[in-house]
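Here the sequence shown is numbered in the numbering used here, starting from 121 and rising by one per residue.
Report on the following structure.
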Amino acid sequence: GELLPCVMHVAARALAGQALSIFGDHSDVMACRSTGWAMLASESVEMAQVNAIVSHLVSMERRVPVQHFFDGFRTSHEVNKIKLIDYNTMKSFINWDAVKEHHDLAMNPRHPHVQGTSQGPDIYFQCVEAGNSFYDGLADLFEEKGKLVQEKTGLHFALYAYEGHPEAKHVIVVMGSAAVTCGETASYLAKKGQKVGVLKVRLFRPWDSSRFLAALPTTTERICVLDRTKEQGSQGEPLLLEVSS
């Protein structure tokens, strides 16, 4: 693309099917997963605050657009008491060199440049492939910025967060507000000796298999993936396909 920093905070809602639904389905955001945007999911009001900051920090520094999403109504309209991060603390996170670089890339008659051209298929795809360098190690940058926020605020951050029995045999993999309910239930059952757990997915694009597997207990025997979307005609829904691959 144009390699411009951009962040969209999306209250995910269902695409209209046999009827209109305005609640927290993921079908709208999942329809955008092949557009080149990084995708970061928040399961709670507090995590939405953290991920919103992380999204802007990553996008500005790496010049990759980020779609930060959370469940429509279930999270977007939830009233909750959280510890707010003040603006002065947010200011300390910013890479001002990246901000200056962004400003310097603006169109200016003093140093004109060409962009938005038309290309043939041979050159076009070479340029598309050349953009891979901006995505290489992108998960590492998300982790780095998340840990920066954690150090300054004390709010725990993980791209793939596990909750439950440390030696779980049965694990639910889920993204969005359902992770809160599943996590609390798994912790309750784990205290009673049941070997169950929940893996909360936050970074969906780019998918990081190494971090996902590192968060999954080595004792896991069965995985249940809970998607919150329907993809007609596919072999499975988006989260299932990533986990199974």
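Glycine is no exception: its CB is placed at the ideal position from the N, C-alpha and C atoms.
In this text the structure is predicted, and so the values were computed from the model without any measurement.
Asked                                                                                                                                                               : Found
Tell me, please, which residues DSSP counts as bridged to histidine 188.                                                                                            : His129, Leu160
Taking DSSP as the reference, what is the three-state secondary structure of glycine 266?                                                                           : helix
Could you tell me the alpha carbon to alpha carbon distance between threonine 340 and tyrosine 282, rounded to whole angstroms?                                     : 12 Å
On the DSSP letters alone, give me the boundaries of the alpha helix (DSSP H) that valine 219 sits inside.                                                          : 216-224
In whole angstroms, give me the CA-to-CA distance for valine 149 and aspartate 347.                                                                                 : 12 Å
Tell me which residues share the same chain as cysteine 302 and place their Cβ nearer than 7 Å to its Cβ, disregarding the 5 neighbours each side in the sequence.  : Ile292, Val294, Val318
Using the C-alpha atoms, what's the distance from glutamate 198 back to valine 234?                                                                                 : 46 Å
Compare the Cα-Cα distances from leucine 124 to each of Gly144, Gly236, Ala298, Lys350 and report the closest residue.                                              : Gly236
Tell me, to the nearest whole angstrom, how far the beta carbon of tyrosine 255 is from that of arginine 331; I am working on the premise that it is less than 8 Å. : The Cβ separation is near 15 Å, so there is no contact.
What ranges does the beta strand (DSSP E) occupy inside the segment 295-352, keeping only unbroken runs of at least 3 residues that lie completely in it?           : 316-321, 323-325, 342-346
According to DSSP, is histidine 176 part of a helix, a strand, or is it coil?                                                                                       : helix
Taking the alpha helix (DSSP H) that glutamate 249 falls in, what are its first and last residues?                                                                  : 241-250
Does the ligand ZN have a heavy atom nearer than 6 Å to the CB of glutamate 362?                                                                                    : Among the components of this structure there are no ligands whatsoever, and the ligand ZN is therefore not found.
Tell me which same chain residues have a C-beta within less than 7 Å of the C-beta of glycine 284, skipping the five on either side of it?                          : Ala306, Ser307, Ala310, Val316, Gly317, Val318
Helix, strand or coil: how does DSSP classify glutamate 287 here?                                                                                                   : coil
Suppose contacts are defined by Cβ-Cβ distances below 7 Å. Is glycine 366 in contact with alanine 136 by that definition?                                           : In this structure the chain extends from 121 to 365, so residue 366 is not present and cannot be described.
Would you say the segment 136-145 touches the segment 262-275, given that touching needs at least three Cβ pairs under 8 Å?                                         : no
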